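Chemist: If you read the sequences in order, they're chains A and B. With numbering that gives the first Met the number 0, letter number 301 in the first sequence gets 300, and the count goes up by one each step, no holes. With numbering that gives the first Met the number 0, letter number 29 in the second sequence gets 28, and the count goes up by one each step, no holes. Sharing a structure below in structure tokens format, with a few things to ask.
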Amino acid sequence: MCDIFNKVTNQAELFPNKVAIIENNGDTLTYRQLMISVNRYTTFLQNKIGKNYEKVAICIYEGKITPIIVLALSFLRHTIIPLNPRLKSNQLKYLLSSVDAKTVIVDSNTINLFKEVEINTIKIDCNFKYKDNTIVRPNKINNYDDFIITLSSGSTGDPKPIVISEQVKMMRFAQAVEIFTVTSDDVILCASPFFHSLGQRLTLLPLVAGATLVQLPNFTTKKWCEMVIEHRVTFTISVSSHLHLVMDNLLKSPNDFNSLRCLVSSSASIDKDVKSKLFKLLGCEFHEMYGATEIATATNLNQVDSLKKPASVGAPCKNVKIRIVNDNFLDKNTMELGKIIIKSPLASSGYYNQPKVTDKFFVSGYFVTGDIGFLDKDGFLYFVDREKDIIISGGENIYPSDIEACINKHSSVDSSIVIGIDDIYFGEVPVAVVVAMVDDHILIEKQLRLFLRSNLASNQQPMKYFFRKSFPLTPSGKIDRRKLQNSINSFGLDLSAKLRQIQKIKNK
Amino acid sequence: MINDETLDYLRIYFNNLEGYKLDDKEFLEYRYLDSGNIDSFEIVSLIIDIETRFDVSIDADDTESDEFRYIEGLAKIIDEKSALHKR
């Protein structure tokens, strides 16, 4: 198995003048220019970091610089730790220590986030000017075990640093190439951030495949549509909240989007009528998939199967084994509900420096997804519910315990519960239910909003606060989150309505 | 004239989002919604925050207006609404 750096260098030799990257602002880099820039940054980073095999975090606002830095770091055999630049200083500090990062690469917008953190900070200029040179081809280098560590959320309490080796990352690219028939003729749009595993895949896959990467770091419906039309995008994987927003435009003027040959929805499923319209009008292949950063894509539901089994998330991908088990890991029968556990050759080696957590989630080679579902007689998987309390908002994982810990610091708060409620734009949004020790709820809410805003990321802010005298309990005496969730869902709050209004105007 | 309290609030809010260190003139004219620097979570969070902080309701007329898209206009919307509310 070839390493990522050599694979992209090969493409640069095959297609030196082909466009490798198209940035949001229309700037382009050819493969030759890309590799010359990578060589330049390799020398720069080698001087700044010194020895190889370090843990190097990246916290930058994205553009063509992202793959350049990633390829340079991979050549130097550093473990790459992408960070969300929208997190707060205290959150970043905690995450850096959880992965033993000694160096962080920043830009002019993010440097201040690390001014109180003891770490080797390397500032890079994201608007660097390309200078011509010759490509230096390295000797064959071996794959390395800790290629990238993806942090599962902007978590303050319980970060799960998911370690992926370079070989597994390459196998994940190969899987995508096979399922979605990606070739060097493709123009691939990446509208997901690099700290998200989907963003990593969509940034590196085009370069490894010799295709063209189109970058859209800040998604808006208008920009997504413009980029697809202008650059004749052929393939992308979208989180469902993005797909939901662009769907109207796709269906309204399908001819404008006829370059699209394959669209993939990475999370929640898309209405089957919409799917068949999309297929009919655009002639575009449509896939849904189910998976997790720990195991990559585990199932795939293609166009043909989705007509027969619209409620399924698909059949297992090649070499992936799916079991439905009870609490003792004994198999359930077909059509019987149980825990979804998955074995995949594309699985992560575990959580960095957390052997106990790794043992809990990786049992006898199977990853315990924390989801509930069943398999039908043909082996198709059906996702029914999530076992864990995680909230998935706009495709990103949010851990209620992080938000609850922050709310509970308020002197007038007795306890709090954060739950995800249904939302048509984000999928789910967090809301807080608080038991307070004093009656001035309006004041407490104002203070909490102010406090949380400076301590948690934007997607961790509860969209609404509810105050109660106590929490409902389950028969076993635990707080009944599901009951709270159902009761708040029954209010039919449309918390993203105003945002959608703004997005609509923005697109005119 | 914009209320100092409103302006201070907005200055703190936007300075809290990294990368918004703007001088006063730039700040008032700053078209934050078109900047691409504010994500959808932040937009929702900003609206809810304003509604809670000033006890006002931001409605469709406001979000559809051009004023809503830049800081000075947004401050005016807040001030007009809270003046109405106090009457």
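Glycine is no exception: its CB is placed at the ideal position from the N, C-alpha and C atoms. No experiment lies behind these values; they were computed from the predicted model shown.
Please report the straight-line C-alpha distance between R452 of chain A and Q460 of chain A, rounded to a whole angstrom.
Modeler: Approximately 7 Å between the Cα atoms of the pair.
Chemist: Output the distance between the C-alpha atoms of G153 of chain A and D48 of chain B, rounded to the nearest integer angstrom.
Modeler: At G153 of chain A, the pLDDT of 41 sits below 50, so the modelled position is not reliable and the matter cannot be decided from this model.
Chemist: Whole angstroms are fine: how far does the CA of I76 of chain B sit from the CA of E50 of chain B?
Modeler: Cα to Cα, E50 of chain B sits roughly 11 Å from I76 of chain B.
Chemist: Assuming R52 of chain B contacts Y8 of chain B under a Cβ cut-off of 8 Å, what Cβ separation, rounded to an integer in Å, is found between them?
Modeler: So it is a contact: roughly 6 Å between Cβ atoms.
Chemist: How would you label T298 of chain A, buried or exposed, when you count the other beta carbons within 10 angstroms and need 16 or more for buried?
Modeler: Classification for T298 of chain A: buried.
Chemist: Measuring alpha carbon to alpha carbon, tell me which of A:L82, A:D106 and A:I104 ends up nearest S97 of chain A.
Modeler: Considering only alpha carbons, the answer is A:L82.
Chemist: With 9 Å as the limit, tell me which residues of the stretch 440-451 of chain A have their beta carbon closer than that to any beta carbon of chain B; keep them in chain order.
Modeler: Hits within the stretch, in order: I441, E444, K445, R448 and L449.
Chemist: Starting from the Cα of A190 of chain A, find the closest Cα among A:A210, A:F218, A:S164 and A:L212 and give me that residue.
Modeler: The option with the nearest alpha carbon to A190 of chain A is A:F218.
Chemist: So K403 of chain A packs on N458 of chain A, CB below 8 Å; how close in whole Å?
Modeler: Here residue 403 of chain A is Glu; the residue named in the question, Lys, does not match the sequence. Contact doesn't hold; Cβ gap of about 15 Å is too wide.
Chemist: So which residues on chain B does S196 of chain A lean against when the C-beta distance must stay under 7 Å?
Modeler: Those within 7 Å of S196 of chain A in chain B number zero; the least Cβ separation is about 19 Å.
Chemist: Spell out whether any CB of chain A is found under 7 Å from the CB atom of N14 of chain B.
Modeler: Not closer than 7 Å to any Cβ of chain A, the Cβ of N14 of chain B fails to qualify, so no.
Chemist: If you count every other CB in all the chains shown that lies within 10 Å of the CB of E79 of chain B, and 16 or more means buried, which is it?
Modeler: E79 of chain B should be labelled exposed.
Chemist: Could you check the C-alpha separation between I3 of chain A and Q45 of chain A for me, to the nearest Å?
Modeler: Whole-angstrom Cα-Cα distance: 18 Å.
Chemist: Let me know the secondary structure DSSP gives M288 of chain A once reduced to three states.
Modeler: The answer is strand: DSSP assigns M288 of chain A an E or B state.
Chemist: Does V383 of chain A pass the burial test, meaning 16 or more other C-beta atoms within 10 Å, or should it be called exposed?
Modeler: Result: exposed.
Chemist: Mapping the DSSP letters down to three states, classify Q214 of chain A as helix, strand or coil.
Modeler: Strand at Q214 of chain A.
Chemist: Residues of the stretch 52-70 of chain B with a CB closer than 7 Å to any CB of chain A: list them in chain order, please.
Modeler: Hits within the stretch, in order: R52, I57, A59, T62 and E63.
Chemist: D60 of chain B lies in the alpha helix (DSSP H); which residues open and close that run?
Modeler: Per DSSP, D60 of chain B belongs to the alpha helix (DSSP H) from A59 to E63.
Chemist: Counting only beta-carbon atoms, is K114 of chain A nearer than 7 Å to chain B?
Modeler: No, K114 of chain A lies away from the interface with chain B (no Cβ there is under 7 Å from its Cβ).
Chemist: Looking at chain A, is there any beta carbon in it that lies within less than 7 Å of the beta carbon of E41 of chain B?
Modeler: True, the Cβ-Cβ gap to chain A drops below 7 Å.
Chemist: Is it the case that the Cβ atoms of K92 of chain A and V116 of chain A are separated by a distance below 7 Å?
Modeler: Contact flag set, yes.
Chemist: When the cut-off is 7 Å and only beta carbons count, does I49 of chain B lie next to chain A?
Modeler: Closer than 7 Å: no.
Chemist: My understanding is that L250 of chain A touches K221 of chain A, with C-beta atoms under 8 Å, so please give their C-beta distance in whole angstroms.
Modeler: Rounded, the Cβ-Cβ distance is 16 Å, inconsistent with contact.
Chemist: Could you work out which residue in A:G372, A:A56 and A:D145 is closest to T102 of chain A when comparing CA atoms only?
Modeler: Considering only alpha carbons, the answer is A:A56.
Chemist: Excluding the 5 residues preceding and the 5 following R467 of chain A in the sequence, name in chain order all residues of the same chain whose CB lies nearer than 8 Å to its CB.
Modeler: Correct list, in chain order: V432, V433 and V434.
Chemist: Output yes if chain B places a C-beta closer than 7 Å to the C-beta of S154 of chain A; else output no.
Modeler: With a pLDDT of only 41 at S154 of chain A, under the threshold of 50, the placement of this residue in the model should not be trusted; the figure read from the coordinates follows. No, its Cβ sits nowhere closer than 7 Å to a Cβ of chain B.
Chemist: What first and last residue would you give for the beta strand (DSSP E) that runs through K320 of chain A?
Modeler: Start and end: K320 to V324.
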